[in-house]
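Residue numbering for the sequence shown follows our numbering, starting at 5 and increasing by one per position.
Backbone N, C-alpha and C define an ideal beta-carbon position, used for all residues, glycine too.
These figures come from a predicted structure and were not determined experimentally.
Taking it in order: structure first as structure tokens, then the write-up.
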Amino acid sequence: MSYTIDEIYKIVGRDDKVAVLTFYPDSKAIAEYGENLTVVFHFDLFEREKLEKKFKEGVNEKTFGLVKARYLGFEIQTEKVEQLIKEGIDSSDIQIVFPSPWIHDNLFHRHYSNLI
Numbered sequence: 005m006s007y008t009i010d011e012i013y014k015i016v017g018r019d020d021k022v023a024v025l026t027f028y029p030d031s032k033a034i035a036e037y038g039e040n041l042t043v044v045f046h047f048d049l050f051e052r053e054k055l056e057k058k059f060k061e062g063v064n065e066k067t068f069g070l071v072k073a074r075y076l077g078f079e080i081q082t083e084k085v086e087q088l089i090k091e092g093i094d095s096s097d098i099q100i101v102f103p104s105p106w107i108h109d110n111l112f113h114r115h116y117s118n119l120i
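Right under this line is the structure:
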């Protein structure tokens with residue numbers, strides 16, 4: 005099963021969860037980074053707004069593409085870490101996304117009312 009950008013956002017991106025990724029055997033990502041990679045996906049404000057709207061509407065466009073990520077390890081070279089941040093990982097190379105059970109307190113999609 006390959007993951008769409010929408011699915012990645014729903015599973016781990018929305019709450020900025022840590023994800024352990026496993027790649028397909030003959031993928032570009034496995035050649036670049038190895039079998040597994042621990043990351044936090046990075047979505048800019050425009051991407052978050054678009055993905056959050058689709059999430060709330062229950063839309064999954066089956067869009068595959070590059071998803072930027074911050075690497076949480078020390079095993080790969082600095083150039084590859086920078087490549088993850090600038091270019092990203094092709095979502096169709098991802099075979100398994102194992103999400104962390106802990107949620108980061110991401111306030112982007114939370115709505116609070118302040119009483120004065």
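Using a Cβ distance threshold of 9 Å, residue 42 and residue 75 count as a contacting pair. The C-alpha of residue 98 is placed about 10 Å away from the C-alpha of residue 68. Taken atom to atom, the span from the alpha-carbon of residue 106 to that of residue 23 is near 11 Å.
As computed with DSSP, residue 45 is found in a beta bridge with 73. Straight through space, the alpha carbons of residue 59 and residue 14 are spaced by roughly 7 Å. Residue 93 sits close to residue 70, with the two beta carbons spaced by under 9 Å. In the DSSP assignment, residue 81 falls outside any beta strand (DSSP E), carrying neither H nor E.
Membership of residue 15 in any beta strand (DSSP E) is not indicated, and neither H nor E is assigned to it by DSSP. Here residue 17 is buried. Its C-beta has 16 or more other C-beta atoms within 10 Å.
When the beta-carbon positions are compared, residue 55 and residue 10 come within less than 9 Å of each other. Just measuring C-alpha positions, the residue of 66, 28, 77 and 35 sitting nearest residue 44 is 77.
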